[in-house]
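Number of protein chains: 2
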Amino acid sequence: MSKAISIFDTTLRDGTQGEGISLSADDKLKIAKKLDQLGVHYIEGGNPGSNSKDIEFFKRVQELRLSAKITAFGSTRRKDSQAEHDANLNRILESGVKATTLVGKSWDFHVHTALQTSLEENLAMIYDSIAYLKRHGLEVMFDAEHFFDGYKNNPEYALAVMRKAEEAGADWLVMCDTNGGTMPHEVHDIVSVLAGTVTTSRLGIHTHNDCELAVANSLSAVRAGAEQIQGTMNGYGERCGNANLCSIIPNLQLKLGYEVLEPDRLKQLTNTARYISEIANVYMPVNQPYVGTAAFAHKGGIHVSAILRDSRTYEHIAPETVGNRQRVLVSELAGQSNILSKAQELGIPFDPENENTRAVISKIKDLEHQGYQFEGADASLELLLREANGDLKELFVFESFKMLVEKSAGKPVISEAFVKLNIDGNSIYTAAEGNGPVNALDNALRKALITYYPGLQEIHLSDYKVRVLDDKDATASKVRVLIESKDYGNSWSTVGVSGNVIEASWEALVDSLRYALIGQTKREDYTEIPTAAHGLVNH
Amino acid sequence: MSKAISIFDTTLRDGTQGEGISLSADDKLKIAKKLDQLGVHYIEGGNPGSNSKDIEFFKRVQELRLSAKITAFGSTRRKDSQAEHDANLNRILESGVKATTLVGKSWDFHVHTALQTSLEENLAMIYDSIAYLKRHGLEVMFDAEHFFDGYKNNPEYALAVMRKAEEAGADWLVMCDTNGGTMPHEVHDIVSVLAGTVTTSRLGIHTHNDCELAVANSLSAVRAGAEQIQGTMNGYGERCGNANLCSIIPNLQLKLGYEVLEPDRLKQLTNTARYISEIANVYMPVNQPYVGTAAFAHKGGIHVSAILRDSRTYEHIAPETVGNRQRVLVSELAGQSNILSKAQELGIPFDPENENTRAVISKIKDLEHQGYQFEGADASLELLLREANGDLKELFVFESFKMLVEKSAGKPVISEAFVKLNIDGNSIYTAAEGNGPVNALDNALRKALITYYPGLQEIHLSDYKVRVLDDKDATASKVRVLIESKDYGNSWSTVGVSGNVIEASWEALVDSLRYALIGQTKREDYTEIPTAAHGLVNH
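Same order as they appear, the protein sequences are chains Z and U.
Mapping of the first sequence onto the UniProt record's numbering: residues 1 to 539, in sequence order.
Mapping of the second sequence onto the UniProt record's numbering: residues 1 to 539, in sequence order.
Shown next as structure tokens:
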């Protein structure tokens, strides 16, 4: 009883309606290529009637020769006019796509309030627009906006809209829960009714996440007869977002037995999701289902010892199926089994009977007691483990740092840092400004190291978090700083703890650079003291 | 056909299993108070058998005299032992709670793999533990771990576990989808079976979000007969999180017609969710359903003009129902009613037609746009409103501050601050050390003010939080500092924003002292420059 489901990705169109998301034509082409490798069936590129960026995309995407069908979006013709003379419909034809999605009204309230026309004219707008594009040989998806609200308000009219679209030749009738307010059992009931009335068109579903039910509603529609799901990667979209394909695809394929992607393509899911979040420059929640960095992370001591016996005890699927991986978080709640499995994961030989091993375990526990937290700082933990194993050499001998912040009335605040180090007997003293104290320290430290370790050029800090550990006496208590760093393909996190936020930041900064340089060798030929020519001051 | 549903909040226990979430006993008490104001029915405080922080919480929470039932968490007794001698069960009794949640195994695979005991002994562990706590008069919830996986693998055994718990007197049988891998239709079917077999116990549901279906699964269970939902605020929890009560509560109440919270309490939902995210220091996604800042945000164009005609066109509920608000991302049109209602609350006369009023509204909007957030900083908002109303006089004229942090190898880090102010024509220049940069600044500022305003002696900072506002380029991005201050009976919060963490802290510090001094008068007789004799240096 396995059945094929079409995945229609609208990250490039509806996804860009999300707050803070804006994609250039180049970004869109990169994402389209990646989606094609994942194996989605339709990629909606944009609205050629709305802006020149999308027109450029449709022109350039043809050169990529993707397997996925590229689709263009538009609305039904304007009221009281002819489809043949509708500029937006003609732009779709000009864009060179072979498939299109036309949105039209199916809620009588919207016909009156938003379109301000009659119910009959709306039916004509739908019929004419679809028929016009079908005459030009396009595959047509009709997206019935607010179909569920429309059906609840006036079922006869909502169904009449769908029948009219089918009569005009629409290949797909797509039911949209535009405002995202419909419950899964309502979706099931209403899709079942429509499934009982259509004869030639196939059914699709397009949901929004305003009730945190977009994934459930999509599955509900499929179980009632829909064969196409429209959604976005990572659930990007207006308000609370669209249906998240990163969850829908594995749910359909692994849980419900539908044919969606070729099985080996599913392994690219995590990588694709993270790549798109990088391109879109949108923070991916660590706890995102299936593809988040915490999706298969284990924190509790008892859970961890069970996981080590059999991972099915606390994992609903094998993380590798979707290209993710298991992580064991080291935390106050857990014991030494967490640390051992972390060492195992890193390929560091570790014998719990060995004295060295017991020493590092007790050091980690002592640090945790002081307020360090390694569950969010994998790289600092790895440094401790590698150090205990004798894998690390020191980068430099620390002598001192100074950090000065100065503000006078009416003038901008100034931050400066001064760092004194010794590398191979050479004393290095650097000064740098920054946008803030940590930035200034980071700049001065890199300036000191970069001529010895040119690889540092590629690295930048991508997140910085401060947590006060004891709020009883706030400005005199300990703080924990977590820093996330990135280079082209990787990111890693480090931690520092001190009563002084600047000292804690320094610790995390130094760990970040030490981690980045694991495996990199020093330029041994370099002996001069670095100059200010590296242009890092204003980073 | 309306029916009451109990909300069981486990933010303080299961929520803290989430990556990066760690709450002090103080944090837990603050959150419990806030949850109680929202009106949840059960608040699970922690596991008194696992750590001393939770024992402290259970002791101190009794003083708050909350309406919600406080519950303690534990496991069924150890295998091959007696309930009466089980340390963890006895800790629950010692914690002084009137209700408890006991977790036990219902998946035969787990009994063999994790517990490593027989199916019969597991049944005895469940029976003995529940019966023991019932004999001591506690309300007992039995959380059947992995109930759905267990039922799918061995339905007879999973049901036998529940019958045994019922026989022992459990008030609630809670079905847990511990690994989060169950589909909504499976939840419906399995809950229906159990509902057909229990006679005295009531049913509850506890789901996890690994398939992005925790909310849907909770609703599915309620529709099949469950009357209690266990979840967390903002969906915090291990891996992909627990069921998100911030979505479940309004879905049940507004969409499905169940009685959950008193209707006017629902208006506190957004504020509660954001408050808890601040305390937990966890970033809240803008697109979080119902309570996120983008949940009712409209990005312009056709949607906005329809929204302005009738907001039902693109909003599934009125945002005010859950205490959120509509935002139009292009043209700033919303929000002024919030400010007016705040002024009203403070007893500040405020006329929306008045030019002054319009100026302060536009100033607040501008500050919010820059990253200020007044939801967690009531005192800073009050200062802005009082300022606009002409209620405030300036405390001092700022001239400059300097802040120096210095660290040399092998020596402790040193923090010093220098503050230059002018009060009534008198130039005041102070220097102070501190345990960290903010403490040093605080000390130098107080030293400058305290002889004029002796009332400042009573005030201390009680919490300090830093949030990076934009993770694109971490050490060069804006930070928001929130400071909480206390005197004997009151606490208040202030905010500062800057690209520089020290400048942002200074802003929040100054606001904190300005707020403290509302209504206090200056010692007009004092003209000397203050000395270092005030003993504040080592705070």
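Here a beta-carbon is modelled for each residue, glycine too, at the ideal position from N, C-alpha and C.
Pull up the CB-CB distance for residue i and residue j, whole angstroms please, since I reckon it's below 8 Å.
i, j, result
"residue 43 of chain Z", "residue 70 of chain Z", "5 Å"
"residue 377 of chain Z", "residue 293 of chain Z", "Rounded, the Cβ-Cβ distance is 13 Å, inconsistent with contact."
"residue 113 of chain Z", "residue 310 of chain U", "5 Å"
"residue 370 of chain Z", "residue 497 of chain Z", "6 Å"
Taking Cβ positions, are residue i and residue j nearer each other than 8 Å?
i, j, result
"residue 255 of chain U", "residue 211 of chain Z", "yes"
"residue 182 of chain U", "residue 142 of chain U", "no"
"residue 433 of chain Z", "residue 415 of chain Z", "yes"
"residue 195 of chain Z", "residue 224 of chain Z", "yes"
"residue 173 of chain U", "residue 131 of chain U", "no"
"residue 150 of chain U", "residue 499 of chain Z", "no"
"residue 506 of chain Z", "residue 418 of chain Z", "no"
"residue 249 of chain Z", "residue 269 of chain Z", "yes"
"residue 502 of chain Z", "residue 405 of chain U", "yes"
"residue 28 of chain U", "residue 45 of chain U", "yes"
"residue 246 of chain U", "residue 291 of chain U", "yes"
"residue 205 of chain Z", "residue 175 of chain Z", "yes"
"residue 40 of chain U", "residue 9 of chain U", "yes"
"residue 252 of chain U", "residue 226 of chain U", "no"
"residue 214 of chain U", "residue 242 of chain U", "yes"
"residue 47 of chain Z", "residue 19 of chain U", "no"
"residue 385 of chain U", "residue 399 of chain U", "no"
"residue 77 of chain Z", "residue 125 of chain Z", "yes"
"residue 79 of chain Z", "residue 133 of chain Z", "no"
"residue 129 of chain U", "residue 89 of chain U", "yes"
"residue 66 of chain Z", "residue 36 of chain Z", "yes"
According to DSSP, simplified to helix, strand and coil, what is residue i?
i, result
"residue 162 of chain U", "helix"
"residue 97 of chain Z", "coil"
"residue 536 of chain U", "Low per-residue confidence applies at residue 536 of chain U: pLDDT is 29, beneath 50, and the placement is therefore not dependable, though the value from the model is reported in the following sentence. Residue 536 of chain U: coil per DSSP, three-state reduction."
"residue 205 of chain Z", "strand"
"residue 16 of chain U", "helix"
"residue 143 of chain U", "strand"
"residue 472 of chain U", "Residue placement at residue 472 of chain U is poorly supported in this model, since its pLDDT is 46, which falls under 50; the coordinates are not used for a value here."
"residue 307 of chain U", "helix"
"residue 455 of chain Z", "helix"
"residue 4 of chain Z", "strand"
"residue 392 of chain Z", "coil"
"residue 182 of chain U", "coil"
"residue 478 of chain U", "coil"
"residue 589 of chain Z", "Only positions 1 to 539 of chain Z appear in this structure, which leaves residue 589 of chain Z out of reach."
"residue 86 of chain U", "coil"
"residue 267 of chain Z", "helix"
"residue 411 of chain U", "coil"
Can you name the residues that DSSP bridges to residue i?
i, result
"residue 44 of chain U", "U:71"
"residue 418 of chain U", "U:402 and U:431"
"residue 244 of chain Z", "Z:232"
"residue 284 of chain Z", "Residue 284 of chain Z pairs with nothing; no bridge assigned."
"residue 426 of chain U", "U:423"
"residue 494 of chain U", "U:483"
"residue 464 of chain Z", "Z:483"
"residue 259 of chain Z", "Z:4"
"residue 176 of chain Z", "Z:206"
"residue 102 of chain Z", "Z:74 and Z:142"
"residue 397 of chain U", "U:422"
Worksheet item: Are there three or more Cβ pairs, one per stretch, closer than 8 Å when the segment 273-285 of chain U is compared with the segment 220-240 of chain U?
Response: Contact check between the segment 273-285 of chain U and the segment 220-240 of chain U: three or more CB pairs, one atom from each, fall below 8 Å, which counts as touching.
Worksheet item: Just checking, does the segment 189-197 of chain U make contact with the segment 501-512 of chain Z on the three C-beta pairs under 8 Å criterion?
Response: no
Worksheet item: Are at least three pairs of beta-carbons, each pair with one atom in the segment 453-464 of chain U and one in the segment 361-368 of chain U, less than 8 Å apart?
Response: no
Practice prompt. Pair every Cβ in the segment 56-66 of chain Z with every Cβ in the segment 102-116 of chain Z, then say whether three or more of these pairs are closer than 8 Å.
Written response: no
Worksheet entry | the segment 339-354 of chain Z touching the segment 435-451 of chain Z, judged by at least three CB pairs closer than 8 Å | no
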